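Following: one structure in structure tokens, then a few remarks.
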Amino acid sequence: MTNTIYFYPWDRFLAKTVLRLFPKRIRPNHITVLRLLLTPAVVYVLWAGHPGIGAVFFILVAFTDMLDGSMARTRNQITEWGKLYDPVADKLLIGSALFVLILKHVDMYAAWIIIALEVFTVFTAFLKKHNNHNADIQANIWGKIKMGLQTFGVLLLLLAVSLNIASLLPFSTGVFYLAIAFGIMSLFTYGI
Numbered sequence: 123m124t125n126t127i128y129f130y131p132w133d134r135f136l137a138k139t140v141l142r143l144f145p146k147r148i149r150p151n152h153i154t155v156l157r158l159l160l161t162p163a164v165v166y167v168l169w170a171g172h173p174g175i176g177a178v179f180f181i182l183v184a185f186t187d188m189l190d191g192s193m194a195r196t197r198n199q200i201t202e203w204g205k206l207y208d209p210v211a212d213k214l215l216i217g218s219a220l221f222v223l224i225l226k227h228v229d230m231y232a233a234w235i236i237i238a239l240e241v242f243t244v245f246t247a248f249l250k251k252h253n254n255h256n257a258d259i260q261a262n263i264w265g266k267i268k269m270g271l272q273t274f275g276v277l278l279l280l281l282a283v284s285l286n287i288a289s290l291l292p293f294s295t296g297v298f299y300l301a302i303a304f305g306i307m308s309l310f311t312y313g314i
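Numbering (this note's numbering), first residue to last: 123 to 314.
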């Protein structure tokens, strides 16, 4: 098991700006739990047909993914629980947004492929951890890029729907297929 902490370009920026607003007693796992608790609110707003409000909620909740990861790395607060459940929280947020939005507005196949990849990733991570308790299961760079692309694709889709800009739909679909490619690459480089 490796103890090396890999910093991403945004980690130090967030540590010097936004993370200063959080007292030391707030831990990265608290933010992950918050994301888990707020995801149903995002889904409800999207399901109720309020894409503009849903976009704001989605951005705020998705931003907590960047916050908890940067907080864990820059404050040296990485935990095994966080390594397991931070990706689960991400996948629940993205998967539920995809279920509500993409199946309705874009491409059923892209939605099901993304959801299947996310479920497979979580399942294999739990299986890997179960078979080898010392296994390092943190996300790799390809998974981070995939998550960023999925978030961007959902935002493009929310903009297209809320502002009635049909020309954004093909772009969001392209971003989702690019996210699928990075998701597959992430699985192959994950060591599963």
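Note that CB positions come from ideal geometry on N, CA and C, so glycine has one too. Small disclaimer: the values here were computed from a predicted structure and weren't measured.
Q. Hey, out of 263, 205 and 177, whose CA is closest to residue 276's CA?
A. Of the residues 263, 205 and 177, the one whose Cα lies closest to the Cα of residue 276 is 177.
Q. What first and last residue would you give for the alpha helix (DSSP H) that runs through residue 166?
A. Note, residue 166: alpha helix (DSSP H), 150 to 169.
Q: Please confirm whether residue 183 and residue 220 have their CB atoms less than 8 Å apart.
A: Result no, Cβ atoms of residue 183 and residue 220 do not sit closer than 8 Å.
Q. With DSSP run on the structure shown, which of helix, strand or coil describes residue 142?
A. In the structure shown, residue 142 adopts helical secondary structure according to DSSP, grouped into three states.
Q. From residue 297 to residue 144, what distance separates their C-alpha atoms?
A. Their Cα atoms are separated by approximately 33 Å.
Q) Nearest CA to the CA of residue 146: which residue from 187, 168, 199 and 306? A) Ranking the options by Cα distance to residue 146, first place goes to 199.
**Q.** Rounded separation between residue 181 and residue 162 - CA only
**A.** The alpha-carbon atoms of residue 181 and residue 162 are separated by roughly 14 Å.
Q: Grab me the residues of residue 232's own chain with a C-beta within less than 8 Å of its C-beta, minus the 5 sequence neighbours each way, in chain order.
A: Taken in chain order, the residues that qualify are 224, 295, 298, 299 and 302.
**Q.** Same chain, Cβ closer than 6 Å to residue 264, neighbours up to 5 away in sequence not counted
**A.** The answer, listed in chain order, is 304, 307, 308 and 311.
Q | Backbone CA spacing between residue 279 and residue 170 [nearest angstrom] | A | One C-alpha to the other measures close to 16 Å.
(Q) By alpha-carbon positions, which one of 136, 250, 292 and 154 ends up nearest to residue 212? (A) The shortest Cα separation from residue 212 among 136, 250, 292 and 154 belongs to 154.
Q. Using DSSP with H/G/I as helix, E/B as strand and the rest coil, what is residue 227?
A. In this structure, residue 227 counts as helix in the three-state DSSP scheme.
Q) Cβ atoms of residue 156 and residue 186: under 8 Å apart, would you say? A) Taking 8 Å as the Cβ cut-off, residue 186 and residue 156 qualify as a contacting pair.
Q. In three-state terms, what does DSSP make of residue 130?
A. Assigned with DSSP and collapsed to three states, residue 130 falls in coil, not helix or strand.
Q | Backbone secondary structure at residue 272 - three-state DSSP | A | In the displayed model, residue 272 falls within a helix according to three-state DSSP.
**Q.** Integer Cβ distance of residue 271 from residue 282, believed to fall under 8 Å
**A.** With 8 Å as the limit, residue 271 and residue 282 do not qualify as a contact, their Cβ atoms being about 16 Å apart.
Q. If you draw a straight line from the C-alpha of residue 165 to the C-alpha of residue 286, how long is it?
A. Taking C-alpha positions only, residue 165 is separated from residue 286 by approximately 20 Å.
Q. Roughly how many whole angstroms lie between the Cα atoms of residue 173 and residue 227?
A. Each residue's CA atom was taken as its position, placing residue 173 and residue 227 some 12 Å apart.
**Q.** Option nearest residue 168 by Cα separation, candidates 128, 203, 208 and 284
**A.** Each of 128, 203, 208 and 284 was checked against the Cα of residue 168, and the nearest Cα belongs to 284.
Q: Decide if residue 188 is buried, meaning its Cβ has at least 16 other Cβ atoms within 10 Å, or exposed.
A: With 16 or more Cβ atoms within 10 Å of its Cβ, residue 188 is classed as buried.
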